[in-house]
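J.:
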Amino acid sequence: MAFDPTRDYPLGARRPDLVRTPAGVPLADVTLEAIRQGTLGADEIRATPETLRMQAEVARGAGRTQLGENLERAAELATVPDDLLLEIYTALRPGRAAAEELEEWAVRLDGFGASKTAAFVREAALAYAERGLLAHA
Numbered sequence: 001m002a003f004d005p006t007r008d009y010p011l012g013a014r015r016p017d018l019v020r021t022p023a024g025v026p027l028a029d030v031t032l033e034a035i036r037q038g039t040l041g042a043d044e045i046r047a048t049p050e051t052l053r054m055q056a057e058v059a060r061g062a063g064r065t066q067l068g069e070n071l072e073r074a075a076e077l078a079t080v081p082d083d084l085l086l087e088i089y090t091a092l093r094p095g096r097a098a099a100e101e102l103e104e105w106a107v108r109l110d111g112f113g114a115s116k117t118a119a120f121v122r123e124a125a126l127a128y129a130e131r132g133l134l135a136h137a
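Residues 1 to 137, numbered by this note's numbering, are exactly what the sequence shown covers, in order.
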């Protein structure tokens, strides 16, 4: 049965067959007991890009376009290493990075296939430049 964003929300209750961990473990097998036994690691308790994209479709179907866009960016970032995400987050704080550094981050994000997030970083760089919030190189 095909995914229907207007009928299948919440995914975990209505379509658990569509929700899997990054390694492909079905949602039904994600239990506290599996974690306690060590058969399911912390890396497996993460949303996958596919699940986040379905959630984005649900949000857009409900008329929540901004939430849908945020979930699309989250889907792009789901496979980016955590330490890199923290560095990007830090660089995006006002006064922390110069325009050239933010462009370098955008290029790196493009390399991960995160084009919407890269565009967001570029937009932030322009807004920071307008407001005098860039660091000086």
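We put the CB at the ideal spot given by N, CA and C, even for glycine.
Could you work out which residue in Leu126, Glu50, Arg93 is closest to Glu72 when comparing CA atoms only?
T.: Within the sequence shown, the letter at position 72 stands for residue 72. Checked all of Leu126, Glu50, Arg93; the closest Cα to Glu72 is Glu50.
J.: What residue from Ala99, Pro22, Gln66, Thr6 has the CA that sits closest to Lys116's CA?
T.: For the purposes of this step, residue 116 is identified with residue 116 of the sequence shown, where counting begins at 1. For the set Ala99, Pro22, Gln66, Thr6, the Cα lying nearest the Cα of Lys116 is the one of Gln66.
J.: In three-state DSSP terms, what is Pro49?
T.: The residue given as residue 49 occupies position 49 in the sequence shown. Helix, per DSSP.
J.: Please go through the same chain and pick out, in chain order, the residues whose beta-carbon is closer than 8 Å to the beta-carbon of Ala28, but skip the five residues on each side of it.
T.: Here residue 28 corresponds to residue number 28 of the sequence shown, with the count starting at 1. Cβ-Cβ distances below 8 Å link Ala28 to Pro16 in the same chain, with the five nearest sequence neighbours on each side left out; the list follows chain order.
J.: As a quick exercise: from Leu109, Pro81, Arg20, pick the residue whose alpha carbon is nearest that of Thr48.
T.: The residue given as residue 48 occupies position 48 in the sequence shown. Residue Arg20 is the option with its Cα nearest to Thr48.
J.: Among the residues of its own chain, which have a CB less than 6 Å from the CB of Ala97, if the five just before and after it don't count?
T.: Here residue 97 is taken as the residue at index 97 of the sequence shown, counted from 1. Correct list, in chain order: Ala91, Ala135.
J.: Taking 7 Å as the cut-off, is the C-beta of Ala119 nearer than that to any heavy atom in the ligand FMN?
T.: Looking for the ligand FMN in the displayed structure turns up nothing, as the structure carries no ligands at all.
J.: Less than 8 Å between CB atoms is the rule here; does Arg131 satisfy it with respect to chain D?
T.: Among the protein chains of the structure shown there is no chain D, as only one such chain exists.
J.: Expressed to the nearest angstrom, what Euclidean distance is found between the alpha-carbon atoms of Val30 and Ala13?
T.: Start at 1 with the first residue of the sequence shown, and residue 30 comes out as number 30. Start at 1 with the first residue of the sequence shown, and residue 13 comes out as number 13. Approximately 14 Å between the Cα atoms of the pair.
J.: Would you list the one or two residues that DSSP bridges to Thr5?
T.: To locate residue 5, count along the sequence shown from 1; it is residue 5. It should be noted that the sequence gives Pro, not Thr, for residue 5. Residue pairing by DSSP places Pro5 opposite no residue, since no beta bridge is assigned to it.
J.: Look at the Cβ atom of Gly95, then the Cβ atom of Leu126, and state whether they are nearer than 8 Å.
T.: Taking the sequence shown and counting its residues from 1, one reaches residue 95 at position 95. Taking the sequence shown and counting its residues from 1, one reaches residue 126 at position 126. The answer is no: Cβ separation not under 8 Å.
J.: Could you have a look at Arg96 and say whether DSSP puts it in helix, strand or coil?
T.: To locate residue 96, count along the sequence shown from 1; it is residue 96. The answer is coil: DSSP assigns Arg96 none of H, G, I, E or B.
J.: In the DSSP assignment, what residue or residues form a beta bridge with Pro26?
T.: Mapped onto the sequence shown, residue 26 falls at position 26. Looking at the DSSP assignment, Pro26 forms a beta bridge with Arg20.
J.: Take every Cβ of the stretch 105-114, pair it with every Cβ of the stretch 53-65, and state whether three or more of those distances are shorter than 8 Å.
T.: no
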